[in-house]
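Residue numbers (the UniProt record's numbering): 1 to 379.
A virtual CB, placed ideally from N, CA and C, is assigned to each residue, including glycine.
One structure is given below, encoded as structure tokens.
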Amino acid sequence: MNKYSSFTVNATRGVMVVAVILVMQSCGFVKSKFGGKGGKGGEVGVTNGEITATARKGYRQNTPYGMVLVPSGSFIMGQADEDVAATQINMNRQVTISSFYMDDAEISNHKYRQYVNALLADSVSTLGEEEIMAKYYPDTTVWKNDFTYHNGDPMLEYYFSHPAFDTYPVVGVSWKAAQHFSQWRTNLLNDHQAKEGQFSSPRFRLPSEAEWEWAARGGKNGAKYPWGNPYVANGKGCYLANFKPQRGNFDADGYPYTAPANAYNPNDYNLYNMAGNVAEWCRDAYADNSNAVVWDMNPDNQNADEPRKVVRGGSWKDIAYYLETGTRSYEYEDQKRSYIGFRCVMDNLEGRTASARGGRASGSRSSKSSKKASKQTKA
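Next comes the structure, spelled out in structure tokens:
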């Protein structure tokens, strides 16, 4: 090595040493800013040359109003009864679902009306009244258009607007409108929490098909219906859900059309009407072969190119087959029906692997009123 090369190497080493010294000096700035010598002053904190493991304080995820906790767990997803036709529409497979919160009842007319009114109040600066009425306001004409030679005029005129139906599930809402409602509800909650200086909550959304089925079963593996047993009536002959129990007889269960969103007994997760009343939109795109989505941890098929979206639970106009926890159906995402509604879910960040049983909804219902509601059955 010549003298010139030796000088170059030494000079380079000198520059590197100076750089290291400057970096070490800068650590003093970092320590003073993020916790000093004791590491007690901030989120990062340094103690004895090591980072601390202290979590930030002040966050606790509370149960959202009107929701219940659905625990995590594994279950056999698919038909609970023999698939005689071997259609592969809902083949059995074991999946695992993380804990989440779910509305204890379907979104009611009153709740959805608050959303519509908020959109209309802000229509000048946002979407415009014409777009709101076309896309997000419930289509009340479904009460006439869904059925041939049917006198649906009274339901068309009063169902969404009259106080007699405030607690009944909203219908005539498309999958896209249900998605938009969920986003508005998220913004409403997080705007309030920001004003209160609180951490934001996870977003409201539609449940995945797997989440919906796990919640509907209420912790009962192989449950044909949400109430657990394979019968649609109790020992006294009272029907356990709002559906079409007999040919041409919609009234045998007590309600010719929909029932209040919290009618009938809830399942073991305290969820009302997971069978019957109105079918419910799920987030997933529909696949004819249920094994199209093969991932077995929180399966979720969000194929934006598939306009068919999963509908679960059966409705007031359906026979008992559609009330089964494993029965799959679909509707096109822009369609509005008199028998399809929805409910929302929210991720449980504090217990993604929580195994505790789900509990009562928080909010205005007391333990006493909740028990009273749970005893309501059809005559």
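Sorted by chain position, which residues of the same chain lie with C-beta nearer than 8 Å to residue 73's C-beta, five sequence neighbours on each side aside?
By one-based count along the sequence shown, residue 73 stands at place 73. Cβ within range, chain order: 96, 97, 214, 219, 355.
Does the distance from the CB of residue 380 to the CB of residue 253 come in under 7 Å?
Any answer about residue 380 is impossible in this case: the structure gives the chain only from 1 up to 379.
Cβ shell of residue 338 (< 7 Å), same chain only, five flanking positions each side left out
Here the question's residue 338 lines up with position 338 in the sequence shown. Cβ neighbours of residue 338 beyond the five flanking positions: 142, 143, 146, 171, 172.
Sequence-distant residues of its chain with Cβ nearer than 6 Å to residue 208 (five each side left out):
Numbered from its first residue, the sequence shown carries residue 208 at position 208. Contacts found: 283, 284, 300.
Provide the residue(s) that pair with residue 96 in DSSP beta bridges, ordered along the chain.
For the purposes of this step, residue 96 is taken as residue 96 along the sequence shown, with counting starting at 1. BP columns for residue 96 point to 74, 297.
Using only the alpha-carbon positions, how far apart do residue 160 and residue 135 sit?
As a first step, residue 160 must be located in the sequence shown, where it is residue number 160. As a first step, residue 135 must be located in the sequence shown, where it is residue number 135. So the alpha carbons of these two residues sit roughly 16 Å apart.
Are the beta-carbon atoms of residue 330 and residue 286 separated by less than 7 Å?
The count along the sequence shown starts at 1 and reaches residue 330 at position 330. The count along the sequence shown starts at 1 and reaches residue 286 at position 286. Contact flag set, yes.
Straight-line gap, residue 123 to residue 261 (C-alpha atoms, nearest Å):
The sequence position of residue 123 within the sequence shown is 123, counting from 1. The sequence position of residue 261 within the sequence shown is 261, counting from 1. Between residue 123 and residue 261, the C-alpha separation is close to 29 Å.
Decide if the region 308 to 315 is in contact with the region 148 to 160; the criterion is three or more beta carbon pairs, one per stretch, under 8 Å apart.
no
Alpha carbon to alpha carbon, how far is residue 222 from residue 275?
Translated into the one-based positions of the sequence shown, residue 222 becomes position 222. Translated into the one-based positions of the sequence shown, residue 275 becomes position 275. Going from the Cα of residue 222 to the Cα of residue 275 covers about 15 Å.
For the alpha helix (DSSP H) that contains residue 115, what are its first and last residues?
Position 115 of the sequence shown holds residue 115. Counting along the chain, the alpha helix (DSSP H) containing residue 115 begins and ends at 109 to 121.
Which first and last residues belong to the beta strand (DSSP E) in which residue 306 is found?
As a working mapping, residue 306 is identified with position 306 in the sequence shown. Where residue 306 is concerned, there is no enclosing beta strand (DSSP E), given that its DSSP letter is neither H nor E.
If you follow the alpha helix (DSSP H) that residue 223 is in, where does it begin and where does it stop?
By one-based count along the sequence shown, residue 223 stands at place 223. Premise fails: residue 223 is in no alpha helix (DSSP H) and is neither H nor E.
What's the gap between the Cα of residue 321 and the Cα of residue 109?
In the sequence shown, the residue the question calls residue 321 occupies position 321. In the sequence shown, the residue the question calls residue 109 occupies position 109. Straight-line Cα distance between these residues: approximately 27 Å.
Taking 7 Å as the limit between beta carbons, can you name the residues of its chain near residue 350, skipping five residues before and five after?
By 1-based counting over the sequence shown, the position of residue 350 is 350. So the list reads 61, once near-sequence residues are dropped.
Using beta-carbon positions only, say whether residue 102 and residue 345 come within less than 7 Å of one another.
Numbered from its first residue, the sequence shown carries residue 102 at position 102. Numbered from its first residue, the sequence shown carries residue 345 at position 345. Their beta carbons are under 7 Å apart, which means residue 102 touches residue 345 by this criterion.
Taking the C-alpha atoms as reference points, what is the distance between residue 50 and residue 58?
Taking the sequence shown and counting its residues from 1, the one referred to as residue 50 is at position 50. Taking the sequence shown and counting its residues from 1, the one referred to as residue 58 is at position 58. Approximately 24 Å between the Cα atoms of the pair.
Between the CA atoms of residue 79 and residue 251 - distance to the nearest angstrom
By one-based count along the sequence shown, residue 251 stands at place 251. By one-based count along the sequence shown, residue 79 stands at place 79. Going by the C-alpha atoms only, they are around 28 Å apart.
Is residue 229 near residue 68, with beta carbons less than 7 Å apart?
On the sequence shown, position 229 is the one that residue 229 refers to. On the sequence shown, position 68 is the one that residue 68 refers to. Cβ atoms of residue 229 and residue 68: not closer than 7 Å.
Is the beta carbon of residue 176 closer than 7 Å to that of residue 333?
By 1-based counting over the sequence shown, the position of residue 333 is 333. By 1-based counting over the sequence shown, the position of residue 176 is 176. Cβ atoms of residue 333 and residue 176: closer than 7 Å.
Please identify the residue among 342, 100, 210 whose C-alpha is closest to the C-alpha of residue 327.
By 1-based counting over the sequence shown, the position of residue 327 is 327. That would be 210, whose Cα lies nearest to the Cα of residue 327.
Between the CA atoms of residue 53 and residue 139 - distance to the nearest angstrom:
For this step, residue 139 is matched to residue 139 along the sequence shown. For this step, residue 53 is matched to residue 53 along the sequence shown. Roughly 53 Å between the two C-alpha positions.
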